[in-house]
Amino acid sequence: MRVGILTLFHGNNNWGGNLQGYALKAYIEDNFKNTNVDLIKYRSGVNVIYKSKFEQMEQYGPSEVIKKISERIVKRKTPADGLLKKRNELFEQFQKCYLTNDHVYTDEELSELAKEYDCLICGSDQIWNPNVARPGYFLKGIEGTRKVSYAASIARDRLSDKEASAMIPLIEKFDFISVREKTAKEILDGYLKGKKSVYEVLDPALMRTREQWSEFIGTERYETEPYALMFFFSDSSAYRSRIEAYCHNHGLKLIGIPHAATYIKSDEAGNYEKAYDVGPVEFLRLFRDASYVFTDSFHGSAFSIIFQRQFCVFERDKNTKTSKNSRLYDLLAKFQVSDRLVRNAEDVDDVLRKEIDYLKVKAILEKERTTSGEFLKSALGHCEEKQKKKEVTVADFQKKSCCGCGLCAQVCPKKCIELRQDNEGFYYPVVNQDECIKCGRCVQKCVQTMQNDQTLMDAYIGYNPDESVRKDSSSGGIFNAIASAFIDNGGVVFGAAFDDDYSVRHVRIENKENLSRIMKSKYVQSDLKYIFDVLAEDLKKGRPVLFTGTPCQVAAVCQFADGLRLREKLYTIDFICHGVPSPGVWKSYLNYISKGSEVHEVNFRDKSHAGWHDYYLHIKYGDNSQLNESHELNTYMRLFLSDRNIRPACYYCNFKSGNYMSDLTLADAWKIEKEYEPWADDKGTSLFIIRGHKGEALLASCDSHLKLRKSNYEFWSKMNPSLVIRTQVGGGRKKLFSDFSELDESTFWKKYSPIPRKKKIRYIAKKVAKVTGIEKALRKRV
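Just so you know, we're using our numbering here: the sequence shown kicks off at 19 and counts up by one.
In structure tokens, the structure reads:
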């Protein structure tokens with residue numbers, strides 16, 4: 019099932035907006051199996067109520083109008099602007115991690131979403147605030163897919179006739195309607211008059227537990243000293259002296275997040291530490307570790323509740339026609355903590371004397387989570403049933419759901435599935451409908467449904483002390499040692515090798531002399547179709563089998579062995595995968611670059627020219643001429659590493675974090691300087707993650723022949739984030755493959771061969787830094 023979320027996420031540098039969007043995506047993915055969830059990029063300048071900025075002024079009082087006009091006329095250039103640059107970069111990084119679709123939809127393209135998604139969800143946050151009333155947040159003009167609102171906020175205590183006449187007809191068209199605040203439910207119930215049920219549910223941020231948020235942000239702290247946190251969207255100067263006094267009396271440092279929405283001059287004053295460099299992750303850490311929180315924010319209050327912080331809430335813009343305080347009133351009332359509200363400066367001391375009973379709050383929160391989860395179960399459950407009926411065979415899957423492993427063709431009882439290349443050069447299953455018996459076995463066995471909640475994940479770093487092996491390996495030469503020991507103990511090894519035409523397919527190796535064929539990285543998707551039957555024969559004979567491949571290929575082989583009840587003798591190794599490039603693009607590049615010459619050798623990770631970090635693509639031809647180019651400059655490698663030449667399913671990878679199916683994961687120990695500097699020799703050091711007793715056995719079989727150190731899993735998940743985070747769609751991917759299918763080979767590669775000037779300059783600067791010794795120092799610091 020594919021679910022799309024339209025909310026205030028893309029291009030919105032607001033902490034609550036970003037975190038609630040992430041939370042809804044995470045909750046659905048955690049609780050609805052085989053569901054891909056996209057936070058949709060959407061941009062619109064249209065308001066469904068107010069057709070112009072002038073019309074929009076109708077909703078404000080005279081003083082508000084003057085203030086709004088002043089803000090538009092006076093473009094304040096402040097000292098804070100430069101300091102907020104880092105904050106904006108942190109937001110950009112966060113959004114890049116969780117925006118899995120490349121295309122930015124406009125109002126004219128909204129109808130296309132029905133073709134992409136089985137269900138569209140609007141929410142949460144202030145998407146139904148009349149000021150933010152974009153067509154997409156009401157799914158205007160979209161038909162043919164399930165339409166759901168989740169925790170939408172109106173952020174008002176009433177709607178004008180003009181606002182209601184524009185909004186209500188659009189809301190009526192939703193299949194399931196839920197809002198975040200009690201006030202919003204009462205407003206909609208009054209207009210809908212029983213035509214549609216309206217449910218009150220939790221903000222998605224509150225659907226994640228304190229433990230889930232803490233795991234998400236890790237153990238790192240923003241501040242080690244005891245502190246109170248001050249987070250205001252409005253001018254807090256009227257309360258600051260009382261807040262500072264409280265901190266002084268309780269021995270707390272005061273940290274504030276200034277200029278939360280716009281520049282506020284008074285934020286630069288006051289005796290407190292100003293936390294400018296705060297993205298979503300830093301924001302969560304500040305709330306988690308605070309001793310006390312002072313805020314006028316809905317999500318500031320919500321995260322205080324989640325992390326069970328003592329806090330008080332201040333009203334904001336309470337005397338205006340567009341006041342948003344109803345959100346705060348409803349949130350506090352829901353959790354029976356309305357006594358945390360500060361209406362006047364004189365109330366601060368009274369609120370500070372009271373403590374929150376979090377046993378009571380936690381009981382309410384658990385009950386509300388159950389109710390909100392039931393709403394989503396009802397709304398999405400219908401889509402799941404519809405999807406199950408629709409997906410009779412893998413031919414009904416969208417391309418974003420197919421990793422190309424070929425297991426479906428292998429398990430088909432009628433053998434009526436074959437893999438064929440599409441116009442992007444990737445292989446997908448095609449079903450002979452005349453022979454298909456609609457048994458559904460191909461869908462049941464699809465690896466995209468597999469789950470593996472692992473708890474044992476030990477990390478090690480190391481390398482092979484045999485210098486010749488280490489030099490010829492992509493990283494530290496660990497795989498060679500493990501595979502050699504496995505063969506010595508009577509096993510066989512399966513891995514990716516170049517074919518005669520330098521396409522890539524999996525082969526069987528039972529002699530150590532042939533291991534070089536499956537060593538070294540191959541940045542092309544490998545073909546598995548020739549190995550399933552051979553692998554099964556080895557397992558049936560009781561011979562130990564070591565399979566190495568991408569995480570999805572490992573999952574396919576595990577699923578295959580489980581079906582034969584022969585998993586006991588199967589050992590698996592995968593690697594931290596960035597994504598798989600197109601075999602068609604590789605074939606085209608090799609044909610173009612060789613210009614008719616016979617290819618005799620390919621190495622994607624040649625360390626002999628400039629070391630491990632600046633590895634080269636090496637191609638040797640029959641006439642002994644060679645291509646040797648840094649991965650930073652080579653055209654094929656740039657298309658891959660810019661996240662454009664990657665299979666669509668990789669952007670939705672099911673095998674990250676704790677969902678690896680392998681016994682052992684290998685990777686490069688990038689940033690080894692930060693973990694163990696004596697091994698930072700630029701020759702290659704490996705990272706490996708051990709999972710369970712089979713992984714331990716693989717390492718134990720050869721550990722006496724390796725240089726090893728126990729390390730920290732959490733540290734390496736940050737240094738090599740592809741371990742836990744999916745690759746995001748590279749900008750220009752759609753155009754790249756459009757050109758690939760439409761242009762002739764020569765024109766295509768000439769178009770994408772020029773190296774951007776900035777890229778050249780950066781590369782030259784790095785080479786100079788390496789020669790001067792600066793590069794090593796920088797890698798240690800960054």
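Even glycine gets a Cβ: it sits at the ideal position worked out from N, Cα and C.
- In the DSSP assignment, T566 is bridged to I591.
- For L24, the closest C-alpha among the options L117, A477, K736 is that of L117.
- In chain order, A246, L247, M248, F249, F250, S254, Y257, I261, F329, C330, F332 place their CB closer than 8 Å to the CB of F312, counting only its own chain and leaving out the 5 sequence neighbours on each side.
- Per DSSP, reduced to three states, the secondary structure at E286 is helical.
- Counting every other CB atom within 10 Å of its CB across the protein chains shown gives E760 a total below 16, marking it as exposed.
- Nearest in C-alpha terms to E436, of all of R327, A499, L546, is L546.
- Runs of beta strand (DSSP E) with 3 or more residues, each lying fully within the segment 198-237, are found at 216-218, listed in chain order.
- Assigned with DSSP and collapsed to three states, D179 falls in helix.
- Within 10 angstroms of the beta-carbon of L377 lie fewer than 16 other beta-carbons, which makes it exposed.
- Secondary structure at R164: strand, using DSSP grouped into helix, strand and coil.
- Counting the other CB atoms within 10 Å of its CB gives A363 a total below 16, which places it among the exposed residues.
- Within its own chain, the residues whose Cβ lies closer than 6 Å to the Cβ of A278, once the five positions on either side in sequence are excluded, are F251, listed in chain order.
- Counting other Cβ atoms within 10 Å of its Cβ, N652 reaches 16 or more and is therefore classed as buried.
- Inside the segment 652-728, DSSP marks whole alpha helix (DSSP H) runs of 4 or more residues at positions 653-659, 690-693, 710-718, from first to last along the chain.
- Buried is the label assigned to G480, since at least 16 other Cβ atoms lie within 10 Å of its Cβ.
- Nearest Cα to D551 within the set A427, G508, E373, D700: A427.
- Taking 4 residues as the shortest admissible run, the segment 280-337 contains the following complete alpha helix (DSSP H) segments, listed from N- to C-terminal end: 298-307, 316-324.
- Excluding sequence positions up to five before and after K395, its CB lies less than 7 Å from no other CB in the same chain.
- V216 and L206 have their alpha carbons spaced roughly 7 Å apart.
- Residues of the same chain with a CB within less than 8 Å of the CB of K51, apart from the 5 flanking positions on each side, are T467, Q469 in chain order.
- When C-beta atoms of the segment 648-662 are compared with those of the segment 701-717, fewer than three pairs fall below 8 Å, so the two segments do not count as touching.
- Between the alpha carbons of S704 and W734 lies a distance of about 11 Å.
- Setting aside the 5 residues that flank it on each side, F321 is surrounded in the same chain by F305, each with a C-beta closer than 6 Å to its C-beta; the list follows chain order.
- For Q144, no pairing in a beta bridge is given by DSSP.
- Annotation for K292: G274, P276 place their beta carbon closer than 7 Å to its own, counting only its chain and skipping 5 residues before and after.
- Distance between S486 and H723, taken at the CA atoms: about 14 Å.
- The closest CA to that of G458, considering only V410, E386, N441, is found on V410.
- R198 is positioned such that its CB atom lies no closer than 8 Å to that of V166.
- Collapsing the DSSP output to three states places N646 in a strand.
- In the DSSP assignment, N267 falls within the alpha helix (DSSP H) that extends over 255-267.
- Apart from the 5 residues on each side of it in sequence, N32 has no Cβ closer than 6 Å to any other Cβ in its chain.
- DSSP places F755 outside any beta strand (DSSP E); the residue lies instead in the alpha helix (DSSP H), whose first and last residues are 751-760.
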